[in-house]
Structure formats: structure tokens, C-alpha cells
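Before any comments, here is the structure.
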Amino acid sequence: MKTSTNFQISFANAFADLYLDKENGEFALDFRRQEVTIYLDHTHYQALVLLVQQSLEDEQFVEYLNWQKDPLQCEESQIEVCGPDHMICMACTPNCERVKLTFDIGLAIDLSFADFQGLASLIKEAQADLEWRRELLRLNAQSDSDSDMDGPDFAAGGMD
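Using the numbering used here, you'd call the opening residue of the sequence shown number 696 and step up by one each time.
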């Protein structure tokens, strides 16, 4: 379910809430069952999106996640997927039906398979939303212009 105001866009389902503060460009991910809220910058949010996408492309992981194979019969102890630059990594222990997300900001959260599926669904819904994508593009453009102020952009001929 989406809610939008002049200052914030949010998505919610039974497992989590995802918020984007339009003014500050900050993201909040509120896990309902764990009663934990994680605040992410734009870079960490994008890394989370990529990690979730990559994990859902791992056939072995998805077979256990969706119970196509019985997780209790898993012979491997863990399935691991790492996001870009190891900013966020996922370790799945199928026989425990758990997914652990580890953030390079010194935080880890343990999720059930249902919680992880809820998170993935929430991210998919947000990423498919036009207003959400517009805000992400605006944040990307803003961060690009901020980095331009750090020094000349050689690719754009900043030193000509």
C-alpha cells in the first residue's frame, strides 16, 4: 500500500514499511515483527535493491524460499549473496528458514523466509512506482551535481 505526501513517500505491507524522505533523500526500512527501523542513505538503499534482485535470481535460494524444495533437507549450511562492494550481504541458512542481512554500517538483521519475501515484495512495489522512480532520479541527479562541486568532472571536459 502506497502513501504519498509532499514530504514523504511510503510503502507498507504486513512485514515491513519503506519510507523515502523527499527533502533529505533518506530512506527508512521498518521491519514490523523485529520492531527495528533501519535508516539508509541513497547508496545503501540502491545496494539493498540490487542485493534483493540478485538473491531472487539465485535459483537454489529461491527454491528454498518458495518451498519448492524442503529447507530442512538442505545439505549446504549457507547460501550467500553479496551486494555491490559488500555494502549489504545476505546469508541464508535454509534448514533454519532464516535470512540474515548484514549491512556495512555495523548492523545485521535476521529475517524469516516470510519476512524476506515481504521485503522483496515491498521493494518491487516501490521500484515499479513512477513517483518513487522520479524521486530516485532526482536524488541521483542531485548527488551527481554535489559530486561535481567536489572537483572537475574530467569525463564532461571539466579540465578543458
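Here a beta-carbon is modelled for each residue, glycine too, at the ideal position from N, C-alpha and C.
Distance between beta carbons of residue j and residue i, contact taken as under 8 Å
i	j	result
Leu825	Gly778	Not quite, the Cβ-Cβ distance comes to about 25 Å (not below 8 Å), so this is no contact.
Thr788	Gln768	The pair is not a contact, with the Cβ atoms about 13 Å apart (cut-off 8 Å).
Where the alpha helix (DSSP H) containing residue i begins and where it ends
i	result
Ser772	No alpha helix (DSSP H) holds Ser772; DSSP gives it neither H nor E.
Lys819	808-823
Cβ shell of residue i (< 6 Å), same chain only, five flanking positions each side left out
i	result
Asp799	Met782
Leu724	Leu713, Ile733
Ala823	none
Ala707	Met696
Gly813	Asn708, Phe710, Ala711
Straight-line gap, residue i to residue j (C-alpha atoms, nearest Å)
i	j	result
Phe710	Phe811	8 Å
Lys764	Gln837	45 Å
Glu758	Glu792	12 Å
Lys717	Ile704	7 Å
Ala809	Val794	10 Å
Asp839	Leu831	12 Å
Ala851	Asn835	For Ala851, the predicted model reports a pLDDT of 39, less than 50, meaning its position is unreliable and no value from the coordinates is stated.
Glu730	Glu770	32 Å
Leu735	Pro766	31 Å
Arg727	Thr738	23 Å
Phe722	Tyr740	7 Å
Ile818	Ser699	16 Å
Cys784	Phe702	30 Å
Asn761	Trp827	28 Å
Gly801	Val744	19 Å
Phe849	Ala821	A caution first: Phe849 carries a pLDDT of 34, below 50, which makes its placement in the model too unreliable to give a value.
Limits of the beta strand (DSSP E) - the one that residue i falls within
i	result
Glu752	Where Glu752 is concerned, there is no enclosing beta strand (DSSP E), although the alpha helix (DSSP H) it sits in stretches over 737-752.
Glu721	721-726
Cys787	783-788
Those residues which DSSP pairs with residue i across a bridge
i	result
Ser705	Thr698, Tyr714
Ile804	Leu796
Val731	Phe726
Cys791	Paired residue(s): none; Cys791 is not in a bridge.
Cβ neighbours of residue i in the same chain (closer than 7 Å, five flanking residues each side left out)
i	result
Leu751	Val757, Ala815
Ser807	Glu792, Arg793
Asp805	Arg793, Lys795
CB contact check: residue i to chain C, cutoff 9 Å
i	result
Cys784	No chain C appears in the structure shown, which is made up of a single protein chain.
Cβ shell of residue i (< 8 Å), same chain only, five flanking positions each side left out
i	result
Asp753	Ile774, Val776
Ala803	Lys795, Leu796, Thr797
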